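S.K.: Residue numbers (the working numbering): 321 to 589.
1. Please go through the same chain and pick out, in chain order, the residues whose beta-carbon is closer than 6 Å to the beta-carbon of residue 502, but skip the five residues on each side of it.
2. Which runs of the alpha helix (DSSP H) fall wholly inside the region 423-455 and span at least 4 residues, in chain order?
3. Once DSSP output is grouped into helix, strand and coil, what is the label at residue 476?
4. Report the partner residues of residue 457 according to the DSSP bridge assignment.
5. Going by C-alpha distance, which of 359, 461, 555, 399 is nearest residue 497?
6. In whole angstroms, what separates the C-alpha of residue 476 from that of residue 468?
7. Excluding sequence positions up to five away, which residues of its chain have a Cβ less than 6 Å from the Cβ of residue 388?
8. What's the call for residue 564, buried or exposed, on a 16-neighbour Cβ count within 10 Å?
9. Of the residues 584, 377, 385, which one's Cα is nearest the Cα of residue 531?
10. Can you tell me which of the three DSSP states residue 361 falls into?
11. Whole angstroms are fine: how far does the CA of residue 473 sit from the CA of residue 457?
12. Can you check whether the CB of residue 562 is closer than 7 Å to the CB of residue 552?
13. Out of 526, 499, 465, 482, point me to the one whose CA is closest to residue 488's CA.
14. Cβ of residue 588 within 7 Å of Cβ of residue 454?
15. Identify which residue in 365, 378, 572 has its Cα closest to the Cα of residue 390.
16. Residue range of the beta strand (DSSP E) that residue 541 falls in?
17. Can you list, in chain order, the residues of its chain with a C-beta nearer than 6 Å to that of residue 461? Leave out the 5 residues immediately preceding and following it.
18. Taking the beta carbon of residue 338 as the centre, do at least 16 other beta carbons fall within 10 Å, making it buried, or is it exposed?
19. With the cut-off set at 7 Å, would you say residue 606 and residue 333 are in Cβ contact?
20. Assuming residue 329 contacts residue 513 under a Cβ cut-off of 8 Å, what Cβ separation, rounded to an integer in Å, is found between them?
21. For residue 484, which of helix, strand or coil comes out of DSSP?
22. Does the Cβ of residue 361 have 16 or more other Cβ atoms within 10 Å, making it buried, or fewer, making it exposed?
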């Protein structure tokens, strides 16, 4: 899917090189000032957000399980002339190795499509807490589990997620960058790959918001902000979504507002 996604992103290297950013205001608000801070970007995908964090003054290490995503991130870093360290690893393995090496970061960050790939919230949260410096913060912005109760036509289709229930994704991850119709391509949308089909299926894990917060708190992190948003940044996961300024997508007229994203900031005492 990485090649398909990248094919739509226009001149992202040039966009970043001239000071552009792929980040949204919600992430920046929760992260706060980053000048001179070390930051681990977990499940970083193709690196656009990682390099945007570098432009905010952070020393960034990006981590992703995908060889293609890390290769794309390294290539983007070189083309944009923005230095960052990218490591290919499973997030659990990386956290365990970072703890053994004594690595510490002022901030850890993850965003969008994060929790659904985690089979074990407690180990994940403990690993994050262990690599944070005292006073460091973890920031997560992700899709709200309440939105997972509806199908693409806004019909109530399933129970509220809980317990890490494993869900088969037979069709694999699709080309959501193309489907966003420009919402995820701030450097400009290019038609790129057409009619992408993913031959690799996968598994998602269904967790509730309370379970995420509880795992972070149990790991010793103090939750200082928990926000819910009735819009989605960039993506169009449901039919008929309307675009507001800032690439915010909201339900069509007549569909009641529901939380579609959430944001957490948790600090290490």
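Cβ coordinates follow ideal geometry from the N, Cα and C atoms, glycine included.
Small disclaimer: the values here were computed from a predicted structure and weren't measured.
M.R.: The structure says:
1. What you label residue 502 is simply residue 182 of the chain shown in a count that begins at 1. Non-local beta-carbon contacts of residue 502 in its own chain, meaning distances under 6 Å to residues more than five positions away in sequence, involve 509 in chain order.
2. The alpha helix (DSSP H) runs of length 4 or more contained entirely in the region 423-455 are, from start to end of the chain, 441-451.
3. Counted from its first residue, the chain shown places residue 476 at position 156. Collapsing the DSSP output to three states places residue 476 in a strand.
4. Looking up residue 457 in the chain shown gives position 137. Bridge partners of residue 457: 427, 587.
5. Taking the first residue of the chain shown as 1, we reach residue 497 at position 177. Comparing Cα-Cα distances from residue 497 to each of 359, 461, 555, 399, the minimum goes to 555.
6. Sequence index remark: in the chain shown, residue 476 carries index 156 (1-based). Sequence index remark: in the chain shown, residue 468 carries index 148 (1-based). Taking the straight line joining both Cα atoms gives about 9 Å.
7. Walking along the chain shown from the start, residue 388 turns up at place 68. So the list reads 322, once near-sequence residues are dropped.
8. To locate residue 564, count along the chain shown from 1; it is residue 244. A residue is called buried when at least 16 other Cβ atoms come within 10 angstroms of its Cβ; residue 564 does not meet this threshold and is exposed.
9. As a position in the chain shown, residue 531 is number 211, starting the count at 1. The shortest C-alpha separation from residue 531 is found at 584.
10. Here residue 361 corresponds to residue number 41 of the chain shown, with the count starting at 1. Three-state result, residue 361: strand.
11. Looking up residue 457 in the chain shown gives position 137. Looking up residue 473 in the chain shown gives position 153. Each residue's Cα considered, the two are about 37 Å apart.
12. Looking up residue 552 in the chain shown gives position 232. Looking up residue 562 in the chain shown gives position 242. In this structure, residue 552 keeps its C-beta atom at 7 Å or more from the C-beta atom of residue 562.
13. Your numbering for residue 488 matches position 168 in the chain shown. Closest by alpha carbon: 526.
14. Working through the chain shown from its first residue, we reach residue 588 at position 268. Working through the chain shown from its first residue, we reach residue 454 at position 134. For residue 588 and residue 454, yes; Cβs fall inside 7 Å.
15. Within the chain shown, the letter at position 70 stands for residue 390. For the residues 365, 378, 572, the minimum Cα distance to residue 390 belongs to 365.
16. As a working note, residue 541 is residue 221 in the chain shown. Note, residue 541: beta strand (DSSP E), 541-549.
17. Taking the chain shown and counting its residues from 1, the one referred to as residue 461 is at position 141. Setting aside the 5 residues that flank it on each side, residue 461 is surrounded in the same chain by 346, 347, 431, 583, each with a C-beta closer than 6 Å to its C-beta; the list follows chain order.
18. Reading the chain shown from its first residue, position 18 is the one you call residue 338. With fewer than 16 Cβ atoms within 10 Å of its Cβ, residue 338 is classed as exposed.
19. The requested residue 606 is not part of the displayed model; the chain covers only 321 to 589.
20. Here the question's residue 329 lines up with position 9 in the chain shown. Here the question's residue 513 lines up with position 193 in the chain shown. So it is not a contact: roughly 11 Å between Cβ atoms.
21. For the purposes of this step, residue 484 is taken as residue 164 along the chain shown, with counting starting at 1. Assigned with DSSP and collapsed to three states, residue 484 falls in coil, not helix or strand.
22. Start at 1 with the first residue of the chain shown, and residue 361 comes out as number 41. Buried, by the Cβ-count rule.
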